[in-house]
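See below for the structure under consideration.
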Amino acid sequence: MVKMGTVWDRTAEFVTDNLSAIVPVALLAFFVPFSIQGNLATLRQNAGADLAVTLELVSLAFGVLVLWGSLAIVAMALGLRDARAVATRRLPAALLVWIALFAALVAPVLVLLLVTDTIALAMEIAQNGLDFAALGRAMAIVYVLLIVAPLLLWLGARLIVVGPGIVAEQRLFSAIRRSFQLTRGHGLMIVGVILLYGLVAFVAKLAAQTVFGSIFQLISGPASGVSLSQVLASVMVALVQTAFAVIAPAFTAKLFLALTQREAAGIP
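Just so it is clear: in the sequence shown, position 119 is 118 by numbering that gives the first Met the number 0, and no numbers are missing.
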């Protein structure tokens, strides 16, 4: 059985020992998209049709860039040479796999939300407040989500090493089956890691938004649209997001190595 604490220690050691190689990739692939993305929501509010389409295309491009950066960090953590070139070569394969997973897992959930009127209910509550009729519908939807959310979390845990499989073993869709094979017997532990990581990342981001947003707004004063305080706060939040964006792929790579070593040793 692979110990998650040991994997975390190896992840921390990798990050500290390779910081000079990680920083350029992190700045380009994580910090720049995150810092700009934080201001796109404000631009979308008053955007015309053409600008709205342009902003969506920019968001998609940023998503591809973030995926490339994650693959580069994975390649570094796996000990591969020329990690950026490896990430570039494996990017098309990773895009195909993650698009397929999105279509298979996330898209049905979105359809479920539409069928159960979740989105319409949320808009109705936002406009008219919560009444008894809306409360009854909301409780029914909550019961459905209580079933779907744990299932998605468990699937996420079993698919956590898909990326390293694509990079290390030159796999395509077989990386999905490979991830299920390697994570057998470790699902609950990985779920715990995901929950802990998500909680810490959420709290850190919220704290950065609250603290720096308040400070910069006090300094620059209130303003409409994209203000200086909003831009500066987005930059600080992006720094926090960048740190967590580096940790996640590094951890999955180290977990992949630990699981493959365990498999090679014949440990059940």
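All C-beta atoms, glycine included, are put in the ideal place defined by N, C-alpha and C.
Just to confirm my understanding: we take residue i, look at its own chain, exclude 5 residues before and 5 after, and list those with CB closer than 8 Å. What are they?
| i | result |
| --- | --- |
| L152 | V190, I193 and L194 |
| A102 | none |
| W67 | A28, A86, T87 and L90 |
| L39 | L54, V57 and S58 |
In the DSSP assignment, find the unbroken alpha helix (DSSP H) run with residue i in it and report its ends.
| i | result |
| --- | --- |
| R170 | No alpha helix (DSSP H) contains R170, which DSSP labels as neither H nor E. |
| A102 | Segment: none, A102 is in no alpha helix (DSSP H) and carries neither H nor E. |
| R9 | M3 to D16 |
Would you kindly check if the distance between the Cβ of residue j and the Cβ of residue i is under 9 Å?
| i | j | result |
| --- | --- | --- |
| V85 | V166 | yes |
| L181 | T259 | yes |
| R268 | V65 | Past the edges of the chain, shown from 0 to 267, lies residue 268, and the structure says nothing about it. |
| L227 | F215 | yes |
| L154 | L90 | no |
| A99 | F179 | no |
| A249 | V14 | yes |
| A82 | V24 | yes |
| A247 | S19 | no |
| V96 | I175 | yes |
| A63 | L26 | Inspection of the sequence shows that residue 63 is occupied by Val rather than by Ala. In this structure, L26 does not lie closer than 9 Å to V63 by Cβ. |
| I21 | V245 | yes |
| L205 | A156 | no |
| R177 | R170 | yes |
Can you name, in chain order, every residue of its own chain whose Cβ lies under 6 Å from the Cβ of residue i, other than the five neighbours on each side?
| i | result |
| --- | --- |
| F201 | none |
| F255 | V160 and P163 |
| G212 | A232 |
| A203 | V239 |
| L77 | A167 and A252 |
| A207 | M235, V236 and V239 |
Reducing DSSP to helix, strand and coil, say where residue i ends up.
| i | result |
| --- | --- |
| A264 | coil |
| I159 | coil |
| R80 | coil |
| G184 | coil |
| G47 | coil |
| M75 | helix |
| M0 | coil |
Under 9 Å between C-beta atoms, does residue i make it to chain D?
| i | result |
| --- | --- |
| F255 | Looking at the structure shown, chain D is missing, and only one protein chain is on hand. |
Quick one: residues in its chain with C-beta nearer than 7 Å to the C-beta of residue i, no 5 flanking neighbours on either side, listed in chain order?
| i | result |
| --- | --- |
| R9 | K253 |
| H185 | V1 |
| V6 | F250, K253, L254 and A257 |
| G37 | S233, V236 and A237 |
Is it a yes or a no for the segment 53-66 touching the segment 228-243, going by three-plus beta-carbon pairs under 8 Å? no
Is it true that the segment 160-178 meets the segment 70-78, where meeting means three or more beta-carbon pairs spaced less than 8 Å apart? yes
For the pair the segment 24-34 and the segment 237-249, tell me if three or more CB-CB distances fall below 8 Å. yes
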